[in-house]
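Peer 1: Let me give you the structure first, and then I'll get to my questions.
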């Protein structure tokens, strides 16, 4: 009799185990779903409210209507105008209602979009220090001290800078970028896979150093100072735009007539930071060739 009852008992036991596992999974996934919904509901509602604003609708409509002409004017300015006229021709391609000046008031400060909206345990990358880390300290605080900050410069930094970075649990790198150390190598050594906010001012090194990063790593916002003639600025902006970035702020450097600060955001990060896309004004290479041909006629 006991032998005959064993298969039945095993079946009941298996059913009970399956039932317990199912109930456990249900509550586990319910908690995950609740966490995802609760963490995104507020952001989503804010973005929806922003998109429904009549002033924003009008701003976007006007930007889209003038985008093609803005692209042509910018191209012409890149080959014919002075640097200052070129900067005036660069139109923003995205609207950030919560721009914040981070760092020094003069040279060295950057306009960041809604820094409090960064993801938890994000990566902040600051390239070009020269022992001036006002931006680094400010952005670390503005993001609620929840991100890892990595800094780099051509030369090793002084002890005060090292101590300040240690207080932020940050990591410093030294070497010429990209000849002696590349940006991806820094991320690999630090064990980071994405970059939330990237500040880059490495005196022209960004021309060859930035694109390899954008090819292999996801970056949300870029704050870059570009040096050179207007055509150099346009070429660098085209490289960045190729990877889905749009300009949301232009800040001319009054101390350097051939330098200008640009703040750009990845299209895939716009909802996260409450940004509205406007018209695309950076002409692609194919647009430049077409414009050049038309001007030649």
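Numbering (mature numbering (1 follows the signal peptide of the UniProt record, and there is no 0)), first residue to last: -22 to -1, 1 to 275.
Just so you know, even glycine gets a beta-carbon here, dropped at the ideal spot from N, CA and C.
Computed from a predicted structure; not experimentally measured.
Could you tell me which residues DSSP pairs with residue 151 in its beta bridges?
Peer 2: Looking at the DSSP assignment, residue 151 forms a beta bridge with 130.
Peer 1: Can you look up residue 184 in the DSSP assignment and give me helix, strand or coil?
Peer 2: Helix, per DSSP.
Peer 1: List the endpoints of the continuous alpha helix (DSSP H) containing residue 72.
Peer 2: Residue 72 -> not in any alpha helix (DSSP H); beta strand (DSSP E) instead, spanning 72 to 74.
Peer 1: Using the C-alpha atoms, what's the distance from residue 244 back to residue 221?
Peer 2: Going from the Cα of residue 221 to the Cα of residue 244 covers about 8 Å.
Peer 1: Is the distance from the Cβ of residue 144 to the Cβ of residue 104 below 9 Å?
Peer 2: Cβ distance not < 9 Å, so residue 144 and residue 104 don't count as in contact.
Peer 1: In three-state DSSP terms, what is residue 210?
Peer 2: The answer is helix: DSSP assigns residue 210 an H, G or I state.
Peer 1: Just how far apart, CA to CA, sit residue 39 and residue 256?
Peer 2: So the two alpha carbons sit approximately 8 Å from each other.
Peer 1: Where does residue 49 land, buried or exposed, given buried means 16+ other C-beta within 10 angstroms?
Peer 2: Result: buried.
Peer 1: Can you find the residues in the same chain that come closer than 8 Å, C-beta to C-beta, to residue 181, ignoring five residues on each side of it along the sequence?
Peer 2: For residue 181, where only same-chain residues beyond five positions count, the Cβ hits under 8 Å are 106, 205.
Peer 1: Which same chain residues, not among the five before or five after residue 318, have their C-beta less than 7 Å away from its C-beta?
Peer 2: Nothing in the structure corresponds to residue 318, since the chain is present only between -22 and 275.
Peer 1: Short check: CB of residue 125 to CB of residue 253, under 9 Å?
Peer 2: Not a contact, by the Cβ cut-off of 9 Å.
Peer 1: Residue 201 and residue 232 - do their beta-carbons sit closer together than 9 Å?
Peer 2: Not closer than 9 Å, so no.
Peer 1: Please state whether DSSP places residue 248 in a helix, a strand or coil.
Peer 2: Looking at residue 248 - three-state DSSP - the assignment turns out to be helix.
Peer 1: Alpha carbon to alpha carbon, what distance is there between residue 32 and residue 178?
Peer 2: Approximately 36 Å between the Cα atoms of the pair.
Peer 1: Looking only at C-alpha atoms, which of 217, 230, 248, 238 sits nearest to residue 263?
Peer 2: It is 217 whose Cα lies nearest to the Cα of residue 263.
Peer 1: Distance, Cα to Cα, residue 67 vs residue 164?
Peer 2: If you take the alpha carbons of residue 67 and residue 164, they lie about 35 Å apart.
Peer 1: Thinking C-beta only, is residue 55 closer than 9 Å to residue 208?
Peer 2: In contact: residue 208 and residue 55 (Cβ atoms closer than 9 Å).
Peer 1: Secondary structure at residue 166, three-state DSSP: helix, strand or coil?
Peer 2: Three-state result, residue 166: helix.
Peer 1: Please report the distance separating the alpha-carbon of residue 92 from that of residue 79.
Peer 2: Roughly 10 Å separates the two Cα atoms.
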